[in-house]
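Heads up, the thing below is written out as structure tokens.
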Amino acid sequence: MMKKMSIPTSKISLVLFLCQIISALDVPLDSKLLEDLSQPPTITQQSPKDYIVDPRENIVIQCEAKGKPPPSFSWTRNGTHFDIDKDAQVTMKPNSGTLVINIMNGGKAEAYEGVYQCTARNERGAAISNNIVIRPSRSPLWTKEKLEPNHVREGDSLVLHCRPPVGLPPPIIFWMDNAFQRLPQSERVSQGLNGDLYFSNVQPEDTREDYICYARFNHTQTIQQKQPISVKVLSMDSLNDTIAANLSDTDIYGAKPVTERQPVLLTPTGSTSTKVELRGNVLLLECIAAGLPTPVIRWIKEGGELPANRTFFENFKKTLKIIDVSEADSGNYKCIARNTLGSVHHVISVTVKAAPYWITAPRNLVLSPGEDGTLICRANGNPKPSISWLANGVPIAIAPEDPSRKVDGDTIIFSHVQERSSAVYQCNASNEYGYLLANAFVNVLAEPPRILTPANKLYQVIADSPALLDCAYFGSPKPEIEWFKGVKGSILRGNEYVFHDNGTLEIPVAQKNSAGTYTCVARNELGKIQNEVQLEVKDPTMIIKQPEYKVIQRYGQVSFECIIKHDSTLLPTVTWLKDNDELPDDERFLVGKDNLTIMNVTDKDDGTYTCIVNTTLDSVSASAVLTVVAAPPTPAIIYARPNPPFDLELTGQLERSIDLSWIPGDENNSPITSFVIEYEDALHEPGVWHYQTEVPGTQTTVQLKLSPYVNYSFRVIAVNKIGRSQPSEPSEQYLTKSASPDENPANVQGIGSEPDNLVITWEPLKGFQSNGPGLQYKVSWRQKDVDDEWTSVIVANVSKYIVSGTPTFVPYEVKVQALNDLGYAPEPSEVIGHSGEDLPMVAPGNVQVHVINSTLAKVHWDPVPLKSVRGHLQGYKIYYWKVQSLSRRSRRHVEKKILTFRGNKTFGMLPGLEPYSSYKLNVRVVNGKGEGPASPDKAFKTPEGVPSSPSFLKITNPTLDSLTLEWGSPTHPNGVLTSYTLKFQPINNTHELGPLIEIRIPANESSLILKNLNYSTRYKFYFNAQTSVGSGSQITEEAVTIMDEVQPLYPRIRNVTTAAAETYANISWEYEGPDHANFYVEYGVAGSKEDWKKEIVNGSRSFFVLKGLTPGTAYKVRVGAEGLSGFRSAEDVFETGPAMASRQVDIATQGWFIGLMCAVALLILILLIVCFIRRNKGGKYPVKEKEDAHADPEIQPMKEDDGTFGEYSDAEDHKPLKKGSRTPSDRTVKKEDSDDSLVDYGEGVNGQFNEDGSFIGQYSGKKEKEPAEGNESSEAPSPVNAMNSFV
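Numbered by my numbering, the letters in the sequence shown go through residues 1 to 1287 in order.
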């Protein structure tokens, strides 16, 4: 026994919905049909829900609707009927529901505030509009207030409150000065979302008395102005001056200098806040911070990423803007304000709510009597909206009952509807944030069948192709469709036909016998109708003789055939293509009825030729390939350039065109391939010919395009394979009329040359491009992304204009338009330029150094904010220098090195560092103007590395069983030496090596005596140094113990010494052994595995100069003697000097120069002593009459320049004291610094020098000093002091 199944209500709704889709009628969009069908009202246009109106203009509340019959309109106001007939100020437009409230003739907008709703009604139902809330806009004045001046210390933060009046809608706020210029804003100074003006830190330039807040009310087109606010910034200098003026000299005063401060948030306050925003709106979050230096704002979303493509930063990143927010954007958003001293953050918890929005809005339903259907209304929101239904504008609970209707939550189910079931239903979805209202009608129609396809419509098809015969219909209930062939034919059935739901009959493969008359019959219970259509089947088009492959000699003639067969009632068209493109525009190509002929074939004619035949019903094609080959040899022909054309004639003169014709000259056995036409502009560039155009050699006339305001003359040049002919004689002249310019200057650019300007440049138009006299340019510019108007100037025919007083490095829109006496060129396109760059303001922050190894370090830094770069960011530069070596503890000349990193890098590698050294570095940002300030110097140290090889190894004092080893410490220790390692082994006569012995030697040793060695034995030594990191490269040497105590007879080379310069080294040595030895010098880079380089020494000299060395490189060297069993000296290591910027020698450090200067100084000293002795013997010299009266010759003035005695010098002797003078800069001579105390001459400390350097203390009017007995205080000036003055 089968179980009874129960179906849930939701599944019943789904089944009914599917039934609706299957059974609901589709009304064809036929205008005549729609005019005849009854239809409930539909609202087509209405005013917005929140309608703010201008109180000075008439109020128009829109309500338009359609329906059949046309609907009537009524209104409610604040929920009650609004009788417009009783209010003379209110009228309704004819055939419309739109209300017009006359405010301009005495009405007051405030009297008509309220909630309005429109109802459109006909016999089939009633549709209603949204609730339209009418509110007049308001733009109240600012309340008067007394504003006290703001006195604020430099570096402090400041907030200027706007507090605009409450308007409807809220006003737009902006700050300007008395001159109506917008106040500049930056990362430091900016306007908040509430309209207040925030200063992160004030600067002296912020002092002004005209900070004015403006409120613009767009609806009323009015602007309200707040009283000006005065700000005075008290700088530290002015504070100190003010304090000093009010304190005595003994008081301690002084304002503290401007101190840097960590960031503090000005808005929002506290550490957390909340924000609620609606789905689909724009989310605006704001953080403004105080601090010095100015903080930089950064935004993050905790636990997620900021949405891509919807996130924008405004107001110098102080405002986070997210458009089209959704519930997924809820969460915590953190703003972080940071400067060099620290950071502060604030967390804003954002919750996204949602007004109702549609998931499925109800749709109009057209049913036949007895059919079923559903209306579905589904919406979502946060919180979840409630759904309520109305019928004809009345809540469905109190609406007239309809037995065919059942309400199931968000669905209305209709069963077995009748014509009286027609109505308009309203679905209302609402929550606390808004509502949605949708009208959907149920229209129950009982209509007999109608066929919409025109009667006797003719269909034509090609045999063996499908045929589609239309029978568009409408009826309610839905009619059944049947097809018949012929007037009395039987109903069509079977597999050879396809019947479509829209009434179309398809014949998949139409044959000739398919042609004829077809009848379509539509019937339902209300009637029957039929319609006839005609079908014609045509013969297909065919190519019965196709083009064939051809091979033709050059300059021959070829023909392709294309013979077709087609239906006699169709008109074919034949088209030829070459390589799937149109045939060349060449007279050599002749298209006939059934063929294509090509005359005088050339190599260019190679290719595929296609014949295409088209009719109105079908298309066919066929192709063939043409191959062009060389012609057979012919007797030698003399080829030459063509003769010039002649008889040039101008015809068809128009303003912008003219016809030029000519007669070709002799082609000289080489066909003319083309003609080149040139023109001369006698008005702008007389005597200069320009290229105009080029035409094929078969053409002798051409229409030329002309430009206005040009005095044309033309000439023609013939061209063949040999070359170009001489130009023809010029044609007659033709002057075109003037016109406004057709084009604007090209290559328009805007690039600033200074921080406060914008240089706009362009390529001027050429003479003939001016199109008329009086060529000028209209130069226009405006700042990009700022609501500014264009600023324009008209300049002469130049190529540059400079805009001054621009902000530093901001984008500008620039355009340049040409004009002349007849008008302007077309509107030019805009280009983006930038005002001038300035040096960056801020140094990179948070510089960190990570030492990777002893020669490599990685530097990190925070990027400089692009606003502070003030230009195109070029990159960053790292300046670094070695302070000292940690192993030597000796400072050296600081040589700064620079590494540049292109682009917005935040790290860089420093290679080539010296191990175990102390370094410093700083980082600077670079733009197109130059470098910004340096970051604070960052010190770091490199770790130890392995040392270089010992500087030398010498083996001396050989005895029977011992050798003495001496060595030098490594040139580059690269750390703290821990020890030396000596390895040695004996070498026998066959150069075989014996056992290797190793000895560890303390680092503080520099020599060692090896004992217990074998006598008369050669040893090879390997010697290197160690640090804690490892062993360095080794140096090798060989030596032999003696056979007995007698001086050895074997030859030897010892005491190899090296004097190295930048690129060369002088090698010298001592040789003991047989005469006439031939020496050679071997050298190589120390520590390298490369083979030794060998230089032969001429003669028996004991020195040699190595040239071509690399500066700053360590080399190893040894000396050998030819023919002495390969005997060589010990290795020596030297280092060439570093590369110098100049080869110039400092003469002051040369010994010969110092000696020469000492000799000159000694000679001058002797001369001074002789002069002094002669003067003491009674010599008299004139100075002034007053000096003649003094018998004491020892009180004569002393020249300041050279310390000698003599007359007063004239103006040309007034020179400063030379370097090395012991005379102080205040022109006094201290007693302890001079053997000749000048204080005694001038009454204590009041002695002084004249303008020419002579001492005038005794002539100052004070008490003169009595002549001294002996020479207690007036001894002769010390020659040493005189010498000091000279040197």
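A virtual CB, placed ideally from N, CA and C, is assigned to each residue, including glycine.
- Classified as exposed, V894 has fewer than 16 neighbouring CB atoms from the shown chains inside 10 Å of its CB.
- Short of 6 angstroms from the beta carbon of G845, and not among the five residues preceding or following it, lie these beta carbons of its own chain, in chain order: T340, D862.
- Three or more beta-carbon pairs separated by less than 8 angstroms link the segment 904-923 to the segment 871-879, which places the two stretches in contact.
- Looking at A65, S200, T959, I61, the one whose alpha-carbon comes closest to that of I134 is I61.
- DSSP, read as helix, strand or coil, puts Y112 in helix.
- Unbroken beta strand (DSSP E) runs of no fewer than 3 residues, entirely contained in the segment 1002-1054, are found at 1007-1010, 1018-1026, 1035-1040, following chain order.
- As the crow flies, the alpha-carbon of I955 is around 27 angstroms from that of G1137.
- In the same chain as H161, and ignoring 5 residues on each side of it, the C-beta atoms closer than 8 angstroms to its own belong to D196, in chain order.
- In this structure, DSSP gives V976 a state outside helix and strand, which the three-state scheme calls coil.
- Counting only runs of at least 3 residues, the segment 900-926 fully encloses the following beta strand (DSSP E) elements, listed from N- to C-terminal order: 907-910.
- For S868, the enclosing alpha helix (DSSP H) has its first and last residue at 866-869.
- Membership of F313 in the beta strand (DSSP E) is indicated by the continuous run 311-314.
- Taking C-beta atoms as the reference points, V869 and P840 count as a pair closer than 8 angstroms.
- About 11 angstroms separates the Cβ atoms of R724 and E678, ruling out a contact at the 8 angstroms cut-off.
- Rounded to whole angstroms, Q553 and N600 show a C-alpha spacing of 10 angstroms.
- It is roughly 13 angstroms from the alpha-carbon of I396 to the alpha-carbon of I413.
- Between the segment 911-918 and the segment 987-1004, the count of C-beta pairs closer than 8 angstroms stays below three; the two stretches do not touch.
- Among the bridge pairs identified by DSSP, E480 is matched with R523.
- By the criterion of at least three beta-carbon pairs nearer than 8 angstroms, the segment 803-815 is in contact with the segment 742-762.
- Boundaries of the beta strand (DSSP E) harbouring R782: 776-783, taken from the DSSP string.
- The Cβ atoms of S792 and F809 lie no closer than 8 angstroms to each other.
- In this chain, the beta strand (DSSP E) harbouring F952 covers 950-956.
- Short of 7 angstroms from the beta carbon of Q703, and not among the five residues preceding or following it, lie these beta carbons of its own chain, in chain order: S657, D659.
- Boundaries of the beta strand (DSSP E) around I359: 342-360.
- The segment 508-525 makes contact with the segment 448-465: 3 or more CB pairs, one atom from each, lie closer than 8 angstroms.
- Looking at the DSSP output, G833 bridges to Y812.
- Cβ-Cβ distances below 7 angstroms link K705 to R656, S657 in the same chain, with the five nearest sequence neighbours on each side left out; the list follows chain order.
- In the DSSP assignment, the residues bridged to Q224 are A215.
- Partner residues in the beta bridge of M92, as assigned by DSSP, are L99.
- Taken through DSSP and simplified to helix, strand or coil, C162 comes out as coil.
- DSSP, reduced to helix, strand and coil, places Q726 outside both helices and strands of the structure shown, so it counts as coil.
- A direct Cα-to-Cα measurement between K146 and K318 gives close to 31 angstroms.
- Rounded to the nearest whole angstrom, the C-alpha separation of S430 and A361 is 14 angstroms.
- According to the DSSP assignment, A438 belongs to the beta strand (DSSP E) that extends over 434-444.
- Counting C-beta pairs with one atom in each stretch, the segment 476-492 and the segment 399-409 have fewer than three that are closer than 8 angstroms, which means they do not touch.
- Scanning its chain for C-beta atoms nearer than 6 angstroms, with the 5 sequence neighbours on each side dropped, one finds around N614 the residues T573, in chain order.
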